[in-house]
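Numbering (this note's numbering), first residue to last: 6 to 275.
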């Protein structure tokens, strides 16, 4: 349950699966009733990012907006019991865990498997902004999951941003991520359930992560059909793949959050 004495911030990102990945950020800041201050809302156009980056950027933009408000209202904001931010994407709440970010930073932004951390630029900015805001507010800054229905104001703001939002989020350059629309709506698989060997899978996205490329597949085989599986491949292998095409791939290694593969052949369209 939301704390009525805390500043509440609802954040969301929205993206179209068009050539430019048209996107938007939206956030809605609500103050405790005792402040007698109108809410602050923003819609910001932000293309070429990818949905996960848009969600993180919305959190950072919202905290920056509150920091700007606090410059002229420092005594007022310190009367709050803290700041509660909400996003409707569970995976983002896990990524922004301050303890994880602290460990990744110590490990030169590599995970325990030695793989580069995606979106480290934004995670670093978010963590530093969160620390600064905590010092200004004098309270805890939490980031939690909220169901889409409860996050509908921020959702509407982010969708509006795609069409008529003010352009110009300066938080990040465009992400070199290519995405096409998915056929299925399955979630990312639980990797220990995967088996070594051949499966059929369709490419729907990829992006460079460190010296490798993360390729996102939808499983077309009967086992775990429609689920998402992510493979880290070399740039050479990535050049043999095409979005919206289906391939027979051989899973050679299974990790906690990705796989390694060898390409067998492309599967002809039916």
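A virtual CB, placed ideally from N, CA and C, is assigned to each residue, including glycine. Since the model is a prediction, treat every value here as computed from it, not as a measurement.
Note: residue 31 is bridge-paired with 17, 48 in the DSSP secondary-structure output. If you look at residue 112, you'll find it isn't in any beta strand (DSSP E); DSSP assigns it neither H nor E. Judged by their CB atoms, residue 211 and residue 221 are nearer to each other than the 8 Å cut-off. In the DSSP assignment, residue 210 falls within the beta strand (DSSP E) that extends over 202-214. In this structure, the beta-carbon distance from residue 128 to residue 90 does not fall below 8 Å.
Here the region 156-163 makes no contact with the region 131-140; the two share fewer than three CB pairs at distances below 8 Å. The DSSP assignment places 87-92 as complete runs of the beta strand (DSSP E) inside the region 50-124, in order along the chain (cut-off: 3 residues).
In the structure shown, residue 183 adopts extended strand secondary structure according to DSSP, grouped into three states. Looking from the CA of residue 186, the closest CA among 245, 156, 249, 197 belongs to 249. The criterion of a C-beta distance shorter than 8 Å is not satisfied by residue 19 and residue 157.
In the DSSP annotation of this structure, residue 164 is not part of any beta strand (DSSP E); the continuous alpha helix (DSSP H) holding it starts and ends at 157-169. Closest in alpha carbon position to residue 9, among 88, 189, 229, is 88.
Excluding residues up to 5 positions away in sequence, 260 lie with their Cβ nearer than 6 Å to the Cβ of residue 118 in the same chain. Residue pairing by DSSP places residue 252 opposite 206, 271 in a beta bridge. Secondary structure note for residue 243: it is in no beta strand (DSSP E), and the uninterrupted alpha helix (DSSP H) holding it is 240-243. For residue 149, the enclosing beta strand (DSSP E) stretches over residues 145-150.
Distance check between residue 24 and each of 146, 37, 53 places 53 closest, using alpha-carbon atoms only. Taking a 10 Å sphere around the C-beta of residue 239, we find fewer than 16 other C-beta atoms and assign the residue as exposed. Here residue 7 is exposed: its Cβ has fewer than 16 other Cβ atoms, across all protein chains shown, within 10 Å. By the criterion of a C-beta distance shorter than 7 Å, residue 243 is surrounded in its chain by 211, 218, 220, once the five residues flanking it on both sides are discounted. Excluding five sequence positions before and after residue 42, the CB atoms of its chain that fall closer than 6 Å to its own CB belong to 36, given in chain order. Beta-bridge annotation (DSSP): residue 266 is paired with 256. Apart from the 5 residues on each side of it in sequence, residue 247 sits with its Cβ closer than 7 Å to the Cβ of 208 in its chain, given in chain order. For residue 237, the three-state secondary structure derived from DSSP is strand.
Per the coordinates, the alpha-carbon of residue 139 lies some 52 Å from the alpha-carbon of residue 271.
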